[in-house]
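Trainee: Residue numbers (my numbering), protein chains in the order written: chain A, 2 to 613; chain B, 205 to 531. Glycine included, every Cβ here is placed at the ideal spot set by N, Cα and C. Handing you a structure now.
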C-alpha cells in the first residue's frame, strides 16, 4: 500500500516538473483583441452584409478613395487614388492611382484590379455595392495607375469631391479564377489593407495579421500591432467581464447602456458613446393596402389602417412623440433626437437637413390633438379613442416591437402613453426580426420599430423610400418598409444622382428630406450611439471617426487600427493562458488520484473481511 | 420474446423514428418565417432581381415537394447543405462546435451522474438522518436554481473577482484566442476555461441523479431479498453494494443513458453566458437567423443521438434485467 502511494506521489511530482518545463511561452506578438456582440455573416465581400463584416473588410481591403477620420471627407493622402479628373460633359471620370502598390501575396495592385472589381460588382448585381454603381456604364483601364469610370448620365457622384463608392477592391488574380466566387470563404485572404484575415472560426473569432506588403507604409501608415482578433460574444455581461479581467482590450458595439454604465466605475476602463450613422424609427405603413400603381408592378396588399395612410394623421402622431425623453430614458443619454434619415455626419459635408423652427413638428400633445381634430379624427362615440372619418371605426394601431432589440420594447410604453393622450389606441406586439420582416412584406401592420445603419453617403438610405423599393406583393421582399411612394420624391432621387455639381446635389437632397419630414413615413426617433469601452492600460492612439465623438476604432477605414499602440513596452496584448498554471493542475489531479486510491484500497480490505 | 426478435424490433423502431424526424424537420423550419427577408434587410442595392436571385440560390423558388426531395437526397448523401447565414457548408459549421459540446456537457454529465449516484446511495442508506435531510435540501436547491443565474454569480466570484474571491479563471470561451498554444499548454488552457461552466453544470444537475438513486434504493431496500441477505449474516456494506445498489441502479442507469443522448444538444444558457462555442449556442444563433440548413442539420443530429441513446438504453436494460426480455 505504501509502495503504491509513493509511486503515485513520485509520478505526480515528476509530471508536474515536466509540465512546468514543457509549457511553451506564447509567441511575442503584440495582439489587440476587440469584442463584438454578434457573429459575422461571412468574410466574403460579395456575400456578407453585417456592419461587423464591413469592419473586417475595412482592414483587409481598400476603397478607391478612403473616408477621412475627421468628417468622412475624402482622404487622398492615404488612399490608393490620389486625384480625380472630371470630363467637361460630366460623363467620364479619370482616377489616378499611386504606383508601386502590392497585394499581400506580393503581386502588383494596379488599375486593372479596380476596373475588374467594379465591373464585376456591376455585372453581377452584388447587392452590397449595386446602388453605388447604378450610373456606371463601364470602368476601363488606361494604364497601370489610371482607370476611368464611364457614366450613363452626367453626374457628380464620381467626381471624387465626396466618397460615393463604398466598394472594396479585390485582387483580380485571385477572384477571377474562382468557379463560384460567392462560395469562396476568403480565409486566408489576399488583400491590400494593413491586416489580412489568416484564421477564423464561425461564430467564435476572426484573426488578422499584419500585411507584410502593405503599401501604406509609403505614406506614414505603419501599424504598431501584429495581430488583431475580433472575438465574438453572445452575452454582453460576459463581454464586460472579459474586459474587466483584461481578456480583451476593447468592446465595440454593446447594446446595453446599463452594462456600459456598470463599467464606468471600474479601474483602467473608459467608456464612450460613439456618434455613428445609425438611427431608429417608427416605420408607418403609409398605405400598402390602398396605393394605386404609379410605377407598375405593385399590388395593393395587407390590412394597414386608413388613418396611417393619411399624412395629416402621421404628422399629428409625430407631434405626440418626445424624442428627447426616449433618448434620456431608453438610451440613458447615449444618443440624440433625430428628424432626418440622413445622419448628421453624412457626406457630402452639409447634406444633412434640419427642419427650420417654423416647420418643426415638436412634441406638443395639445397641438397634436388639435391637428387630429382638424384632420377629422374626432372621438364620436366618447370612448376616449378617435374615430376614422372614412370608416367611423376606432383608430387602434397595430404596433410591432422586436425582441432582439430591447430598446424597441422599452420605447413602446412611452409612445403608447403619449398617443393614448391624444386619443389614438395602440396594440403592441413583440416579434422576432424575421417575423417583423414577414409581417411588413405582407403589409399586415400599421407600424413597427426598426432602425438602419446607412452608408455615409445618403444615396442608399434615400433610395429605400422610392416607389420601386416597396414590396410589390406579399412574399416578395422590398426595402421600402413604409410603402412610401411619391412621384416628386422619386423624380428628385433620380435628379440627385445626375446633378452635375456637388452643391446642386446637396440642395436636391435637402428638398428630399423636407418631403420625408412633411409626409412622415418614418417617425424618426433618435440617432443611437455605438457603445464602446476599452482598457486604458493596454493600448492608446485611438482616432475617433468622425471627430471628436465618433467610433474610436474608425472602422470606415483602417486609420485608428493602424495608429493604436501598446501603452508602454510590454504592457499590451501578448496573450497568455488565463487560470491556474499547469503544474498546479497536475498536483490537484495527483492528489485526487491518491485520495480515490486510498478509498478504493480501504473498501477492498472491508470486502475481503466480508468474504471471510 | 426471443432476444433476436427483440433486438430487431427495437432497431427497426429506431430507424422508423429517425425517418419521421427527417421529414418533420424539413416542414417544421419552413413554418417559422422566410429567411430571404431576414437576409436582405439593410442591403443597399436590393432590386427584384436580387431577391429572385437569392431565392434561387437558396433553392426557395422550387415547389415545396421538390425542395423536400432534394433535401432528403442530399441528406442521405451526407450533404447537409450550405448555411444561409455563415455561407459555409453546414457540416463544417457543426463540426467546429461538436467537440466543445461533447467535452463540456459530456464530462459534466458524467461527473454529475457519478456524484449524484454516490450522494443518492449515501442518502438512501441513511434515510432520515441529518446527512440525508441536509443533502436533500442541498440537491433540491441546486437542481431547482436557474443554472444561468448561478453561472453569472460564479463568473462574478471566480472570474472577475469580488471581495475575498480572487479572479482565478477566465470569464469564458473555449481557449485563449490568439495565444497560439499547442499540445499540453493548449490542453491546460482549455481545462482552465472549462472549470467554471463544468462546475456550474455538474452542481446544477447532480440533484436529478441523487434523487432518483435515493428513491430507487429506498424501494429496493424494502425487498425480500435484502431481508434474506441480512438474515444470512452479511455485513451491511456487502448488503448495500453487493445486493441493493446493483438492483437500484437500473432506473438511474436508464436516465443516465438517455441524458447522454442529450449531450449533443448542449445547454444553451450555459454556453451563452460562458461564451462556450458549442452546439447549443449554434442552435440559438441559427433560430434567430432562420438558418434552415443549419437548423435541419442540428435537429437531425440531436434526434439521432437521442434515438440511438434510447436504443442503447433499451438493449442494455434488457441485457441487465431478463424480466424485460421475457415480458
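Strictly by DSSP, which residues pair up with residue 86/A?
Mentor: As a working note, residue 86/A is residue 85 in the first chain. Residue 86/A is bridged to 95/A.
Trainee: Does chain B have any CB closer than 7 Å to the CB of residue 32/A?
Mentor: If you number the first chain from 1, residue 32/A lands on position 31. Yes, its Cβ sits closer than 7 Å to a Cβ of chain B.
Trainee: Just to confirm before moving on: does the CB-CB distance between residue 102/A and residue 216/A stay below 7 Å?
Mentor: As a first step, residue 102/A is located in the first chain; it is residue number 101 there, counting from the start. As a first step, residue 216/A is located in the first chain; it is residue number 215 there, counting from the start. Against a cut-off of 7 Å, the Cβ pair of residue 216/A and residue 102/A comes out as a contact.
Trainee: Of all the beta strand (DSSP E) runs that stay within the bounds of the stretch 294-370 of chain A, which reach a length of 3 or more residues?
Mentor: Qualifying beta strand (DSSP E) stretches, in chain order: 336-338.
Trainee: To the nearest angstrom, how far is it from the Cα of residue 298/A to the Cα of residue 487/A?
Mentor: Counted from its first residue, the first chain places residue 298/A at position 297. Counted from its first residue, the first chain places residue 487/A at position 486. Their Cα atoms are separated by approximately 16 Å.
Trainee: So with Cβ pairs under 7 Å, would you call residue 185/B a contact of chain A?
Mentor: Only positions 205 to 531 of chain B appear in this structure, which leaves residue 185/B out of reach.
Trainee: DSSP three-state label for residue 273/B, please.
Mentor: Here residue 273/B is taken as the residue at index 69 of the second chain, counted from 1. Three-state DSSP puts residue 273/B in a helix.
Trainee: Which ranges would you report for the alpha helix (DSSP H) in the stretch 381-436 of chain B if only whole runs of at least 4 residues count?
Mentor: Those alpha helix (DSSP H) runs which fall completely within the stretch 381-436 of chain B and span 4+ residues are 387-425 and 428-435.
Trainee: Would you kindly work out how many angstroms separate the C-alpha atoms of residue 535/A and residue 91/A, rounded to a whole number?
Mentor: Within the first chain, residue 535/A is the residue found at index 534, counting from 1. Within the first chain, residue 91/A is the residue found at index 90, counting from 1. Residue 535/A and residue 91/A: Cα-Cα distance of roughly 46 Å.
Trainee: Any Cβ of chain A within less than 7 Å of the Cβ of residue 331/B?
Mentor: Along the second chain, one-based indexing puts residue 331/B at 127. Cβ-Cβ to chain A under 7 Å: no for residue 331/B.
Trainee: Excluding sequence positions up to five away, which residues of its chain have a Cβ less than 6 Å from the Cβ of residue 317/A?
Mentor: On the first chain, position 316 is the one that residue 317/A refers to. Excluding positions up to five away in sequence, the list reads 369, 372 and 373.
Trainee: Can you pull the chain B residues whose beta carbon is under 7 Å from the beta carbon of residue 37/A, in chain order?
Mentor: Taking the first residue of the first chain as position 1, residue 37/A is located at position 36. In chain order: nothing, as chain B lies at least about 12 Å away.
Trainee: Take residue 144/A as the anchor and find which of 176/A, 110/A, 433/A and 541/A has the nearest alpha-carbon.
Mentor: Looking up residue 144/A in the first chain gives position 143. When each option's Cα is compared against that of residue 144/A, the closest is 110/A.
Trainee: Can you give the Cα-Cα distance for residue 302/B and residue 556/A, rounded to whole angstroms?
Mentor: As a working note, residue 302/B is residue 98 in the second chain. As a working note, residue 556/A is residue 555 in the first chain. Roughly 33 Å between the two C-alpha positions.
Trainee: Could you check whether the Cβ of residue 514/B sits closer than 7 Å to any Cβ belonging to chain A?
Mentor: By 1-based counting over the second chain, the position of residue 514/B is 310. By this cut-off, residue 514/B is not an interface position.
Trainee: Expressed to the nearest angstrom, what Euclidean distance is found between the alpha-carbon atoms of residue 70/A and residue 265/A?
Mentor: Sequence index remark: in the first chain, residue 70/A carries index 69 (1-based). Sequence index remark: in the first chain, residue 265/A carries index 264 (1-based). Taking the straight line joining both Cα atoms gives about 26 Å.
Trainee: Using the Cα positions of residue 494/A and residue 354/A, report the straight-line distance between them to the nearest angstrom.
Mentor: Counted from its first residue, the first chain places residue 494/A at position 493. Counted from its first residue, the first chain places residue 354/A at position 353. For residue 494/A and residue 354/A, the distance between alpha carbons rounds to 16 Å.
Trainee: Give me the Cα-Cα distance between residue 179/A and residue 116/A, rounded to the nearest whole angstrom.
Mentor: Position 178 of the first chain holds residue 179/A. Position 115 of the first chain holds residue 116/A. Each residue's alpha carbon lies about 17 Å from the other.
Trainee: Say whether chain B places a C-beta atom closer than 7 Å to the C-beta of residue 205/A.
Mentor: Reading the first chain from its first residue, position 204 is the one you call residue 205/A. Yes, because at least one Cβ of chain B sits closer than 7 Å to the Cβ of residue 205/A.
Trainee: Mind checking which residues open and close the alpha helix (DSSP H) that includes residue 494/B?
Mentor: Taking the first residue of the second chain as 1, we reach residue 494/B at position 290. Residue 494/B -> no alpha helix (DSSP H), and no H or E assigned at all.
Trainee: Kindly say whether residue 476/B, judged by its beta-carbon, lies nearer than 7 Å to any beta-carbon of chain A.
Mentor: As a position in the second chain, residue 476/B is number 272, starting the count at 1. Yes, residue 476/B counts as interfacial toward chain A.
Trainee: The beta strand (DSSP E) with residue 450/A in it runs from where to where?
Mentor: Reading the first chain from its first residue, position 449 is the one you call residue 450/A. Residue 450/A -> beta strand (DSSP E) spans 448-453.
Trainee: Does the separation of the CB atoms of residue 302/A and residue 30/A fall below 7 Å?
Mentor: Reading the first chain from its first residue, position 301 is the one you call residue 302/A. Reading the first chain from its first residue, position 29 is the one you call residue 30/A. Taking 7 Å as the Cβ cut-off, residue 302/A and residue 30/A do not qualify as a contacting pair.
Trainee: Using beta carbons (cut-off 7 Å, strictly below), is residue 85/A in contact with chain B?
Mentor: Against the first chain, residue 85/A aligns to sequence position 84. No, because no Cβ of chain B sits closer than 7 Å to the Cβ of residue 85/A.
Trainee: Here's the rule I'm using: 16 or more other beta-carbon atoms within 10 Å means buried, otherwise exposed. How should residue 325/A be labelled?
Mentor: Position 324 of the first chain holds residue 325/A. Under this definition residue 325/A is an exposed residue.
Trainee: Rounded to a whole number of angstroms, what is the C-alpha to C-alpha distance between residue 373/B and residue 381/B?
Mentor: Locating residue 373/B in the second chain gives position 169, counting from the first residue. Locating residue 381/B in the second chain gives position 177, counting from the first residue. Cα to Cα, the separation comes out at about 15 Å.
Trainee: Quick check on DSSP: helix, strand or coil for residue 525/A?
Mentor: For the purposes of this step, residue 525/A is identified with residue 524 of the first chain, where counting begins at 1. In the structure shown, residue 525/A sits in a strand (DSSP, three-state: E or B).
Trainee: Would residue 396/A pass as a contact of residue 432/A if the rule is Cβ separation under 7 Å?
Mentor: As a working mapping, residue 396/A is identified with position 395 in the first chain. As a working mapping, residue 432/A is identified with position 431 in the first chain. No, they are not a contact pair.
Trainee: Please list, in chain order, all residues of the same chain as residue 544/A whose beta carbon is under 8 Å from its beta carbon, the five residues on each side excluded.
Mentor: Working through the first chain from its first residue, we reach residue 544/A at position 543. Only 70, 553, 555, 560, 561 and 564 meet the Cβ criterion.
Trainee: Can you pull the chain A neighbours of residue 381/B, defined as C-beta to C-beta under 7 Å?
Mentor: The residue labelled residue 381/B in the question sits at position 177 within the second chain. By Cβ distance, chain A contributes 34, 206, 230 and 232.
Trainee: Within this structure, are the beta carbons of residue 483/B and residue 490/B separated by less than 7 Å?
Mentor: For the purposes of this step, residue 483/B is taken as the residue at position 279 of the second chain. For the purposes of this step, residue 490/B is taken as the residue at position 286 of the second chain. It is not a contact, given that the beta carbons lie outside the stated cut-off.
Trainee: Cβ of residue 202/A less than 7 Å from any chain B Cβ?
Mentor: Against the first chain, residue 202/A aligns to sequence position 201. It does: the Cβ of residue 202/A has a partner Cβ on chain B nearer than 7 Å.
Trainee: Quick one: Cα of residue 538/A to Cα of residue 244/A, how far?
Mentor: Indexing the first chain from 1 puts residue 538/A at position 537. Indexing the first chain from 1 puts residue 244/A at position 243. Looking at the two C-alpha atoms, the distance is approximately 12 Å.
Trainee: Please confirm if residue 373/B has its CB atom under 7 Å from at least one CB of chain A.
Mentor: On the second chain, residue 373/B is found 169 positions in, with the first residue counted as 1. Taking Cβ atoms only, chain A reaches closer than 7 Å to residue 373/B, which makes this a yes.
Trainee: How about residue 246/A: is its C-beta nearer than 7 Å to some C-beta of chain B?
Mentor: Here residue 246/A refers to the residue found at position 245 when the first chain is read from its first residue. Yes, residue 246/A counts as interfacial toward chain B.
Trainee: Let me see if you follow: with CB-CB separation under 7 Å, is residue 468/B close to chain A or not?
Mentor: For the purposes of this step, residue 468/B is taken as residue 264 along the second chain, with counting starting at 1. Output row for residue 468/B: interface = no.
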